[in-house]
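Trainee: At position 350 of the sequence shown (counting the first as 1) the number is 350 in UniProt numbering, and the numbers step up by one without a gap.
Just so you know, even glycine gets a beta-carbon here, dropped at the ideal spot from N, CA and C.
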Amino acid sequence: MISRLMRVAILGCMISVALTGCWDIRTANQYVIVSSAAVMNGEKSNYHVYLQIINTMEFVAGKRRGDATTYVLDGEGNTMNEAFFQIEQKAGRKLELSHTMLLMLDEKLLSDEKGLLFFDFLESMADIRNDIQMVVAHRIPASDLNKIVSPSVTVSAGKIRYELDSVQKNWGGTPNVHLREFIRDITSEGKQPMLSSVTIEHPSPKAYNTDVLKSTVQPTQILVDGTAVMKRAKLLGFLSVEETRDLLWAQNKLKLTSLTVPCESDQYMQVQIKHSTSDVNVNYANHRPIVRIRIFVEGDVTENQCQSIRLDKMNGFNKADAIAERMIKQSVEGTIQKVQKEYGVDIFGFGERLMRTHYRMFNKVKNDWDQQFAQAEVKVAVKAKIQSNGIISKSFLNDIPE
């Protein structure tokens, strides 16, 4: 009896092992891997999609032929799925979109509210990860970003990703927004969305050819150049890299950056900010929002051209603190005022802060919060603590006889 039960159990285990597997298994030669996508308005349809596809053979040892590591296929359609189907026909295989790391959007695509339908499609598509990074192509067709060949990375979409991450971490010049965060901001009552903007410096058709990899001179470069200001899914305009840093300061999202502080005519002091925090308070008084931002920064002087600031004396650091505080205050206040006057939308999230701290008050003005934000009183206070960082405190320039 036991022997019979054992045989049945063993047979059952063997059948289970034989039938076990991934229900959604995908054979590699049935798919092409998409690394990035650029979306533009179509000439005859709603969308023109350019997909950067990885040439997998160039990553297999012993089978490399020295070809480009990626190539671009495109398709048009009134829906995104129609455009994808056209590209699948050209590729002869299905699209594997789960590895797509970057989505590049053309300025003209975001010129009206039609973009809402596009983002609704993205959120509902199971194959596209909701942490995909998104950028707006600034002053260039979005398709050009997919074509650039770079010697520093094997997949050019990776270069943009690395640059976005580096600029945000080390300087604070880009908001680095993912799909999930963007959709959340579109539906928020107290904040409008924004996206990183990217452009191409010295564009040239030669940059699309692998021959450029053999050159020591790379004039064509992809650059992160700030922030795209949005109202829901509509593009309103752009902020520069420096203005984006102010935006992140106002959101308490800036940790590291570098300041070039003017002190005298054609003389500057370089300060490396190694720690930064911002305390943001939003209240309501006299029928208008009151925004108070307190910024604290710590940093080191890494270069000093200012002969009036003697770092070998204590009052020299007091002067350095004062001019850094003044510069940050003027810059942050100026950027907020620019957004209020030129765009009239709250991309800072001040409305969300008011909602968390004074919900009843926010509930009264939430339907026209952007108009309320445009009239808000904003005050910025800055406290800086600047030190030297191993540089020689006393400059020989002060000892040169007149």
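1) Please tell me whether Asp106 and Val136 are closer than 9 Å, where the distance is taken between their beta carbons.
2) Spell out a yes or no on whether the segment 129 to 145 and the segment 32 to 48 are touching, meaning 3 or more CB-CB pairs, one atom from each, closer than 8 Å.
3) Quick check on Met311: does DSSP put it in helix, strand or coil?
4) Distance check for Ala91 and Phe348, CA to CA, integer angstroms please.
5) Got a sec? Which residues, its chain only, sit under 7 Å from Val32 by beta carbon, not counting five neighbours each side?
6) Measure how close the beta-carbons of Leu311 and Asn318 come, nearest whole angstrom, since I'm counting them as under 8 Å.
7) Which residue's Cα is closest to the Cα of Lys191: Thr199, Ser197, Gly226, Glu181?
8) Under the DSSP definition of a beta bridge, which residues are partnered with Lys231?
9) Please state the DSSP three-state secondary structure of residue 403.
10) Which of helix, strand or coil does DSSP assign to Ile347?
11) Can you grab the Cα-Cα spacing for the pair Lys385 / Ser276, in whole Å?
12) Report yes if the CB atom of Tyr47 is closer than 9 Å to the CB atom of Leu73, and no otherwise.
13) Between the alpha carbons of Arg139 and Pro203, how many angstroms are there, rounded?
14) Within the continuous alpha helix (DSSP H) that includes Ser143, where are the two ends?
15) Hey, how far is the Cα of Arg326 from the Cα of Val339?
16) Mark Tyr359 as exposed unless 16 or more other C-beta atoms lie within 10 angstroms of its C-beta, in which case mark it buried.
17) What separation, rounded to the nearest whole angstrom, lies between the Cα atoms of Phe121 and Lys366?
18) Would you mind sorting Ser166 into buried or exposed? The rule is 16 or more other CB atoms within 10 Å of its CB.
19) Are Met269 and Thr260 close, meaning C-beta to C-beta below 9 Å?
20) Within the continuous beta strand (DSSP E) that includes Ala68, where are the two ends?
21) For Ser232 and Ile186, which I take to be in contact (beta-carbon distance under 8 Å), what is that distance rounded to the nearest angstrom?
22) Considering Ala384, what are the terminal residues of the beta strand (DSSP E) in which it resides?
23) In the DSSP output, what is His178 paired with across the bridge?
24) Just mark Phe373 as buried or exposed, buried being the case when its beta carbon has 16 or more other beta carbons within 10 Å.
25) Between the beta-carbon of Pro193 and the beta-carbon of Lys253, is there less than 9 Å?
26) Within 10 Å of its beta-carbon, does Tyr162 have 16 or more other beta-carbons around it, so buried, or fewer, so exposed?
27) Quick one: is Phe84 buried, meaning 16 or more other Cβ sit within 10 Å of its Cβ, or exposed?
28) I'd like the span of the beta strand (DSSP E) that includes Lys159, first residue to last.
Mentor: In this structure, then:
1) Here the question's residue 106 lines up with position 106 in the sequence shown. Here the question's residue 136 lines up with position 136 in the sequence shown. With respect to Val136, Asp106 sits close: the two C-beta atoms are nearer than 9 Å.
2) yes
3) Residue mapping note: residue 311 aligns to position 311 of the sequence shown, counting from 1. Inspection of the sequence shows that residue 311 is occupied by Leu rather than by Met. Here Leu311 sits in coil by DSSP.
4) Taking the first residue of the sequence shown as 1, we reach residue 348 at position 348. Taking the first residue of the sequence shown as 1, we reach residue 91 at position 91. For Phe348 and Ala91, the distance between alpha carbons rounds to 43 Å.
5) As a position in the sequence shown, residue 32 is number 32, starting the count at 1. The answer, listed in chain order, is Ile53, Ala91, Arg93, Leu95, Glu96.
6) Here residue 311 refers to the residue found at position 311 when the sequence shown is read from its first residue. Here residue 318 refers to the residue found at position 318 when the sequence shown is read from its first residue. The pair is not a contact, with the Cβ atoms about 11 Å apart (cut-off 8 Å).
7) To locate residue 191, count along the sequence shown from 1; it is residue 191. Closest by alpha carbon: Glu181.
8) Translated into positions along the sequence shown, residue 231 becomes position 231. For Lys231, which the question treats as bridged, DSSP gives the partners Lys234.
9) Lying before the first or after the last residue shown, residue 403 is absent from the chain, which here runs from 1 to 402.
10) As a working mapping, residue 347 is identified with position 347 in the sequence shown. Ile347: coil per DSSP, three-state reduction.
11) The count along the sequence shown starts at 1 and reaches residue 385 at position 385. The count along the sequence shown starts at 1 and reaches residue 276 at position 276. Near 10 Å, if we compare the C-alpha coordinates of Ser276 and Lys385.
12) The count along the sequence shown starts at 1 and reaches residue 47 at position 47. The count along the sequence shown starts at 1 and reaches residue 73 at position 73. No, they are not a contact pair.
13) Taking the first residue of the sequence shown as 1, we reach residue 139 at position 139. Taking the first residue of the sequence shown as 1, we reach residue 203 at position 203. About 11 Å.
14) By 1-based counting over the sequence shown, the position of residue 143 is 143. Looking at the DSSP string, the run of the alpha helix (DSSP H) that includes Ser143 is 142 to 145.
15) As a working note, residue 326 is residue 326 in the sequence shown. As a working note, residue 339 is residue 339 in the sequence shown. Taking the straight line from one Cα to the other gives about 20 Å.
16) Along the sequence shown, one-based indexing puts residue 359 at 359. By the neighbour-count rule (16 or more Cβ atoms within 10 Å), Tyr359 is not buried but exposed.
17) Numbered from its first residue, the sequence shown carries residue 121 at position 121. Numbered from its first residue, the sequence shown carries residue 366 at position 366. Phe121 and Lys366 have their C-alpha atoms spaced approximately 27 Å apart.
18) Numbered from 1 along the sequence shown, position 166 holds the residue referred to as residue 166. With fewer than 16 other Cβ atoms within 10 Å, it is exposed.
19) Taking the sequence shown and counting its residues from 1, one reaches residue 269 at position 269. Taking the sequence shown and counting its residues from 1, one reaches residue 260 at position 260. In contact: Met269 and Thr260 (Cβ atoms closer than 9 Å).
20) By 1-based counting over the sequence shown, the position of residue 68 is 68. Careful: Ala68 lies outside any beta strand (DSSP E) and carries neither H nor E.
21) Taking the sequence shown and counting its residues from 1, one reaches residue 232 at position 232. Taking the sequence shown and counting its residues from 1, one reaches residue 186 at position 186. Sequence check: residue 232 is Arg here, not Ser. 6 Å between Cβ atoms; contact.
22) Residue numbering aside, residue 384 sits at position 384 when the sequence shown is read from its first letter. Start and end: 377 to 388.
23) The residue you call residue 178 lines up with position 178 of the sequence shown. BP columns for His178 point to Gln133.
24) Within the sequence shown, residue 373 is the residue found at index 373, counting from 1. Phe373 should be labelled buried.
25) In the sequence shown, counting from the first residue as 1, residue 193 sits at position 193. In the sequence shown, counting from the first residue as 1, residue 253 sits at position 253. Not a contact, by the Cβ cut-off of 9 Å.
26) The residue given as residue 162 occupies position 162 in the sequence shown. Under this definition Tyr162 is an exposed residue.
27) The residue labelled residue 84 in the question sits at position 84 within the sequence shown. Burial call: buried.
28) Here residue 159 refers to the residue found at position 159 of the sequence shown. Counting along the chain, Lys159 falls outside any beta strand (DSSP E), though it belongs to the alpha helix (DSSP H) covering 156 to 170.
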